[in-house]
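Under full-length UniProt numbering, think of the first position of the sequence shown as 1, with each following residue one higher.
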Amino acid sequence: MKNIDYTQICVCANLRKKTRVVTQLYDKLLQPTGLKITQYSMLANIAHQQSVSISRLGAILLLDQTTITRNINLLKQNGYVDLMRDPQDARTKIITLTDKGVEKLNEAAPIWQDIQERIINDIGIEKYEEFYETLKTIQKIIKSYDEE
């Protein structure tokens, strides 16, 4: 029987290690703005949606409601987002960007854009597109396991 080092081939451990390195780089580069990449991503998605419920934002970002709520509360404390009750459903909270949030997003966007372009250019657009498709495939496969 072949001797396999499972610590080196574990899909989950390898993805987590690599994403930590990427997250640390984005956080370091975004540091002058006071945002972490998770907060930037939330602001960008809220801006894209224009207004979004906490549960919808969680579905978009694949994060649980507790994580979304904790991060939204931080963004609210900093004055970047407003939270209000949905007029059609009082149980639902709607998130919108404030003017200060739009300014913060505009401050951080060029930094984010620069690192995005640098990484994609260094990898090569074809390899990046293939990598992105592989990640989407892994996500679909994992989701299918939940349905079993």
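Beta carbons are placed, not taken as given, at the ideal position from N, Cα and C, and that holds for glycine.
| Check | Outcome |
| --- | --- |
| Based on the DSSP secondary-structure assignment, which residues constitute the bridge partners of V81? | L97 |
| Nearest-angstrom Cα distance between I115 and H48? | 20 Å |
| Under the rule that 16 or more other beta-carbon atoms within 10 Å means buried, what is G124, buried or exposed? | exposed |
| Confirm, please, whether the CB-CB distance from I46 to I95 is below 8 Å. | yes |
| Compute the beta-carbon to beta-carbon distance between Y80 and L97, rounded to the nearest angstrom, for a pair I have assumed lies under 8 Å. | 7 Å |
| Grab the span of the alpha helix (DSSP H) containing T38 for me, first residue to last. | I37 to Q49 |
| Can you name the residues that DSSP bridges to V52? | I95 |
| Let me make sure I understand the geometry here. Which of E107, R118, E147 and E129 has the alpha-carbon closest to that of K36? | E107 |
| Classify D64 as helix, strand or coil using the three-state DSSP reduction. | coil |
| For D89, which beta-bridge partners are listed by DSSP? | D86 |
| Classify N73 as buried or exposed, calling it buried when 16 or more other Cβ atoms lie within 10 Å of its own Cβ. | exposed |
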